[in-house]
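The sequence shown begins at 168 in the working numbering and counts up by one. Think of the CB as a built atom: it goes at the ideal place given N, C-alpha and C, for glycine as much as any other residue. Keep in mind that this is a model prediction, so the values were computed, not measured. What follows is a set of notes on a single structure, which appears directly below.
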Amino acid sequence: MNKKMHHYTDGGLKNIWLQNGFELRSTPYGKGMAIHDVEGLTKAICLALAAKTSSLSGIEFRYIRSAGMLLSQTGLGAMMGTDVQSVARWEKHGRLPKWADKMIRVLYLAHVDGDQT
């Protein structure tokens, strides 16, 4: 059985392919896609990003901040003890200090475990 996969590009991510959990539909505006569990998908992506061994890209950092933690750049900057311009620069240029890469992962894991972050 050769089931079609869907290239999921939400939030600028480029390397996410869905094998299931979605449905392609025709709409009055063209073809569309429905995700069956958006929250579960977002959590799975963020957990995978938090566990990856290589450094996060700026896009991955932004995805964890915005989709995973629902934080603004200002909000994350305040949590990390840095300014909004630094967060914006990291996301835009993808050059994160090691401490920021590690901290966003720890903050996300605390957030997903239900801590008040």
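*CB-CB under 8 Å to V279, same chain, minus the five flanking residues each way: which ones, in chain order?*
Position 112 of the sequence shown, counted from the first residue, corresponds to residue 279. Counting only Cβ-Cβ distances below 8 Å, and skipping sequence neighbours, we find K210, C213, L214, G235.
*asked:* Per DSSP, what are the beta-bridge partners of F286 in this structure?
replied: The shown model of the chain, from 168 to 284, leaves out residue 286, and the question about it has no answer.
*Give a yes or no on whether the C-beta atoms belonging to S222 and L263 are separated by under 8 Å.*
Here residue 222 refers to the residue found at position 55 when the sequence shown is read from its first residue. Here residue 263 refers to the residue found at position 96 when the sequence shown is read from its first residue. Yes; because the gap between Cβ atoms is below 8 Å, this pair is in contact.
_According to DSSP, T194 sits in a beta bridge with which residue or residues?_
Sequence index remark: in the sequence shown, residue 194 carries index 27 (1-based). T194 is bridged to G197.
*asked:* Between G244 and D250, how many whole angstroms is the CB-CB distance? I'm expecting something under 8 Å.
replied: The count along the sequence shown starts at 1 and reaches residue 244 at position 77. The count along the sequence shown starts at 1 and reaches residue 250 at position 83. That belief holds up - the Cβ atoms of G244 and D250 are roughly 6 Å apart, short of 8 Å.
*With which residues is W184 paired in a DSSP beta bridge?*
Numbered from its first residue, the sequence shown carries residue 184 at position 17. BP columns for W184 point to H174.
*With Y230 and L180 assumed to form a contact (beta carbons below 8 Å), what rounded beta-carbon distance in angstroms separates them?*
For the purposes of this step, residue 230 is taken as residue 63 along the sequence shown, with counting starting at 1. For the purposes of this step, residue 180 is taken as residue 13 along the sequence shown, with counting starting at 1. The pair is a contact, with the Cβ atoms about 6 Å apart (cut-off 8 Å).
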